[in-house]
Amino acid sequence: FQATVRADGSSRFAPGKKWGVFPSMSVGWRVSQEDFWNVSWMNDLKVRYSYGQLGSQNVGDYDWMSLINSYTSYLLNGESKSPVPGQAITEVSNEDISWETLVQHNVGVDMAFLNNQLLVTAEYYHSQSRDCLFRQPILKTVGATGSPYVNSATLSNQGVELQIKWRQNVGKDFSYSVTANLAHNMNKLESLAY
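Residues in the sequence shown are numbered consecutively from 110, following the working numbering.
Right, dumping it as structure tokens:
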């Protein structure tokens, strides 16, 4: 059994949103090493499970701050013969943006047969990306050219994988191995809030 906790900080988020805490753990059991194990045709059996979270700061350096640009192209009531200076917000910000979180579960089994010549590994995994950062559409009448990021999407990915390997020594100086892999994966957009 193994467990870890990591705390990540990023200057890409506003004060109070800079830190994320991401735990993970894994556990494995080699059943074939237990005293009750008495299966002659299976040399090894191990089952395992893991769970983990990982954060992503997939935004620009200061996307939580509104940008104010200076211009010299404003004409007041058509009376000015030359443009006058002015300022405008060009990108709308969102101070509440924070970490995206990837949560993953994995279940696996490792088996060996025929004097460890035939190896079989089977895996099932399910991962979910939560609070994905997505640009929120805004009305053109706001007058800004850039829309704000929001933590508004959830994506999932799950699948199974199977690996079968045959390895054999032929004589003293020659050995070979053959591996076959099968996989099935499915991605899904679970939610997207506007």
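We put the CB at the ideal spot given by N, CA and C, even for glycine. Values in this document were obtained by computation on a predicted structure and should not be read as measured data.
Residue range Phe283 to Leu301 is occupied by the beta strand (DSSP E) that includes Ser286. Gly129 is a Cβ neighbour of Gly164, given a cutoff of 7 Å.
Straight-line measurement puts the Cα of Tyr160 at about 14 Å from the Cα of Arg115. In the DSSP annotation of this structure, the continuous segment of the beta strand (DSSP E) that includes Asp117 starts and ends at Gln111 to Gly118. Nearest to His293 by alpha-carbon distance, out of Pro124, Ser300, Val287 and Asn266, is Asn266.
Closest option to Val251, judged by alpha-carbon separation, among Tyr171, Val212, Glu200 and Ser261: Glu200. The way I'd put it, the stretch 150 to 157 doesn't touch the stretch 233 to 242; fewer than three beta-carbon pairs between them come closer than 8 Å. Using a 10 angstroms sphere on the CB of Glu209, the tally of other CB atoms reaches 16 or more, which defines it as buried. Under the Cβ criterion (8 Å, minimum of three pairs), the stretch 201 to 220 counts as touching the stretch 255 to 264. Straight through space, the alpha carbons of Lys127 and Arg121 are spaced by roughly 7 Å. Per DSSP, the continuous beta strand (DSSP E) segment holding Gly129 begins and ends at Trp128 to Arg139. Inter-residue distance for Ala123 and Asn167 is about 14 Å (C-alpha atoms, whole angstroms). Taking the CA atoms as reference points, Asp219 sits about 39 Å from Ser119.
Secondary structure note for Gln277: its beta strand (DSSP E) is the uninterrupted segment Tyr258 to Val279.
Just so you know, the alpha carbons of Gly125 and Met174 end up roughly 14 Å apart.
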